[in-house]
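All letters in the sequence shown, in the order written, are residues 1 to 361 by UniProt numbering. Yeah, the Cβ is synthetic: ideal placement off N, Cα and C, and Gly gets one too. Source: prediction; values computed, not measured. A quick write-up on the structure given underneath.
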Amino acid sequence: MTMEKIVSAFRLNTVRKKTLLLSKLVGGIIVLFYLFTSELSTNRSFAFLIWFFLMAAVITSIDHLLGRLISKPLNEINREAERMACLDLTARCQIKSNDEFGRLSQNLNTMSSNLQDALQKLEYANIQLEKDVQKERLLQAQRKELTDNLSHQMKTPLGLIRAYAEGLIDVVDDTKKQQYIHAILSAEDRINRMLVSLLDLSAMEAGSAELLDETFDFIELAETSAGRLLLDTPDGDHRFTYQLPDHPVLVQADPKRLEQVLDNLFENARKNVQKKGEIRLTISCTEKELLFSLYNQCCPIPEADLPKIWSKFYRGQNTAGSGSGLGLAIVAQVLSLYQAPYGVQNLDNGVEFYFSFPFIT
């Protein structure tokens with residue numbers, strides 16, 4: 001037998017060894033007491049008293065030792081196990097002895113830690129599942145809303161196409177035929193523009209839209225767009241005023257996307273301005289960004305509807321014309337891609353759309 005095995009044999013690393021040692025100590029003490037009291041046999045009363053007190057001391061010591069060796073660790077393990085049973089997995093046994101109780105305590109702590117990790121993972125999985133379920137419900141609601149809106153938006157132009165196509169069968173006059181054909185082409189163009197805008201908006205919402213990175217003069221872009229949509233319009237029945245910087249304002253972005261923003265804002269103002277009303281364009285600059293403001297004289301938007309006007313297919317009670325309801329949604333999406341603040345507010349006798357955009361200094 002090696003020295004290590006000899007030392008291991010004398011280690012008190014099990015409850016059995018500890019109780020065996022305790023029983024041997026008790027036996028030895030009893031033998032010593034017996035031998036000691038036998039020497040005092042001449043005085044039996046005195047010997048009995050000594051025997052009684054010594055045995056009481058031995059029993060008390062044994063009870064104390066058994067409590068420390070067995071009862072105390074068992075009570076602590078039971079207490080912590082009850083906490084674990086109530087799913088209080090922060091409970092930890094503090095028994096550090098090198099015996100069965102110590103190993104049982106360590107195993108309970110390991111089990112509690114593993115259960116805690118497993119429950120956290122399960123809770124995280126449940127949260128993710130709930131998010132996925134909510135996302136799926138939202139997608140289903142959006143699909144239904146999109147289908148309903150498309151059906152509503154396409155119903156009118158498709159009805160016009162059908163009516164004029166049927167009229168072409170019976171019409172003999174060439175002038176009326178040309179009018180019918182023009183009406184059909186106009187309705188078809190409306191459907192096409194709506195579908196193109198919807199696909200473009202969906203691409204931006206999905207993050208798959210391509211954005212160019214070019215440097216250009218925003219003032220020149222605004223002048224071109226405003227001239228095309230607010231000045232060079234034969235049916236225009238409004239007053240257009242503007243206040244612009246007298247120097248170029250360079251921005252770095254996709255010019256086509258910002259042109260979309262300007263076109264849709266100008267088109268929205270032109271369609272909703274009251275007869276003989278004013279459309280006022282104001283562009284100013286701070287130290288780092290340009291401030292765009294477009295005011296059109298019209299009926300105010302109900303306060304409850306202000307957040308809704310950026311939604312797809314939204315059409316207010318005062319909306320005029322035959323728009324697709326996608327213009328302002330595209331404005332919001334493009335500006336959001338550039339993290340540019342934007343908004344709308346009611347002013348005296350009109351509505352103001354505004355946004356800010358950083359420029360190159």
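Range of the contiguous beta strand (DSSP E) that encloses residue i
i: Thr-361; result: That residue, Thr-361, is in no beta strand (DSSP E); it is neither H nor E in DSSP.
i: Gly-343; result: 342-347
i: Leu-326; result: Careful: Leu-326 lies outside any beta strand (DSSP E) and carries neither H nor E.
i: Phe-313; result: Element bounds for Phe-313: n/a, residue is neither H nor E.
i: residue 444; result: Since the displayed the chain opens at 1 and closes at 361, residue 444 lies outside it and no answer follows.
Straight-line Cα distance separating residue j from residue i
i: Pro-255; j: Asp-170; result: 48 Å
i: Lys-288; j: Asp-132; result: 41 Å
i: Phe-101; j: Pro-73; result: 7 Å
i: Asp-174; j: Val-249; result: 52 Å
i: Val-7; j: Lys-96; result: In this prediction, Val-7 scores a pLDDT of 43, lower than 50, which makes its location untrustworthy; no coordinate-derived value is stated.
i: Trp-310; j: Phe-353; result: 11 Å
i: Thr-215; j: Phe-292; result: 18 Å
i: Met-154; j: Tyr-164; result: 16 Å
i: Asp-99; j: Leu-108; result: 14 Å
i: Ala-81; j: Gln-128; result: 31 Å
i: Lys-5; j: Thr-110; result: Model confidence at Lys-5 stands at a pLDDT of 49, short of 50, so the residue's coordinates are unreliable; what they give is reported in the following sentence. Those two C-alpha atoms are separated by around 29 Å.
i: Leu-168; j: Leu-185; result: 13 Å
i: Thr-361; j: Ser-336; result: 22 Å
i: Tyr-124; j: Gln-134; result: 15 Å
i: Leu-199; j: Asp-189; result: 15 Å
i: Asn-78; j: Phe-53; result: 35 Å
i: Gln-178; j: Arg-193; result: 22 Å
i: Asn-349; j: Lys-144; result: 37 Å
i: Glu-136; j: Lys-176; result: 51 Å
i: Leu-294; j: Glu-130; result: 43 Å
i: Ala-85; j: Ala-141; result: 43 Å
Residue i, enclosing alpha helix (DSSP H) - first and last residue
i: Thr-175; result: 174-206
i: Asn-264; result: 255-272
i: Ile-77; result: 72-85
i: Leu-290; result: From DSSP, Leu-290 is part of no alpha helix (DSSP H) but of the beta strand (DSSP E) over 289-297.
Identity of the residue in the options nearest residue i by Cα
i: Pro-307; options: Gly-325, Ser-284, Val-344, Gln-333; result: Val-344
i: Gln-274; options: Lys-176, Ser-293, His-238; result: His-238
i: Ile-301; options: Cys-285, Leu-262, Glu-289, Ala-269; result: Ala-269
i: Gly-277; options: Asn-296, Leu-87, Gln-179, Asp-117; result: Asn-296
i: Ala-206; options: Leu-139, Phe-218, Glu-259, Phe-240; result: Leu-139
i: Asn-346; options: Met-154, Glu-303, Trp-310, Pro-358; result: Glu-303
i: Ala-209; options: Asn-78, Leu-294, Arg-257, Leu-158; result: Arg-257
i: Leu-244; options: Leu-290, Leu-87, Glu-259; result: Leu-290
i: Leu-195; options: Asn-114, Thr-110, Pro-157; result: Pro-157
i: Glu-220; options: Leu-231, Glu-259, Lys-135, Lys-155; result: Glu-259
i: Cys-298; options: Ile-279, Ala-203, Asp-305, Phe-292; result: Ile-279
i: Met-204; options: Ile-283, Tyr-338, Lys-144, Tyr-180; result: Tyr-338
i: Ala-253; options: Leu-185, Leu-212, Leu-231; result: Leu-212
i: Ile-283; options: Asp-246, Asn-272, Gln-134; result: Asp-246
i: Val-351; options: Ser-336, Arg-190, Asn-272, Leu-335; result: Asn-272
i: Leu-119; options: Asp-189, Leu-87, Arg-137; result: Leu-87
i: Ile-181; options: Asn-192, Glu-166, Leu-294; result: Glu-166
Own chain partners of residue i with C-beta closer than 8 Å, once the 5 adjacent residues on each side are dropped
i: Gln-94; result: Glu-76, Ser-105
i: Leu-229; result: Asp-263, Phe-266, Glu-267, Arg-270
i: Leu-201; result: Lys-312, Leu-326, Ala-329, Ile-330, Gln-333
i: Ala-226; result: Phe-240, Tyr-242, Leu-262, Phe-266, Leu-281
i: Asn-359; result: Sequence check: residue 359 is Phe here, not Asn. These residues qualify, in order along the chain: Phe-218, Val-249, Leu-250, Val-251, Cys-285, Lys-288, Glu-289, Leu-290.
i: residue 365; result: Residue 365 cannot be examined here, being either before or after the span of the chain that is shown, 1 to 361.
i: Ser-197; result: Ser-324, Leu-326, Gly-327, Ile-330
i: Ile-191; result: Met-154, Pro-157, Leu-158
Residues near residue i by beta carbon distance below 6 Å, same chain, minus five either side
i: Pro-341; result: Ser-356
i: Leu-89; result: Ser-112, Leu-115, Gln-116
i: Arg-83; result: Ala-91
i: Asn-126; result: none
i: Arg-162; result: none
Assigned secondary structure, residue i (DSSP; H/G/I helix, E/B strand, else coil)
i: Asp-99; result: coil
i: Gln-252; result: strand
i: Thr-110; result: helix
i: Ile-6; result: Because Ile-6 carries a pLDDT of 45, less than 50, the predicted location of this residue cannot be relied on, and the following value inherits that uncertainty. DSSP places Ile-6 in helix when its eight states are reduced to three.
i: Asp-217; result: strand
i: Arg-92; result: coil
i: Glu-352; result: strand
i: Met-1; result: Note on Met-1: pLDDT 48, under 50, position unreliable in the model; no value is reported.
i: Ile-330; result: helix
i: Ile-127; result: helix
i: Ile-301; result: coil
i: Glu-278; result: strand
Nonlocal neighbours in the same chain, by C-beta distance under 7 Å from residue i, ignoring five residues either side
i: Tyr-314; result: Lys-308, Gly-325
i: Leu-122; result: none
i: Leu-160; result: Ala-183, Ala-187
i: Leu-231; result: Phe-240
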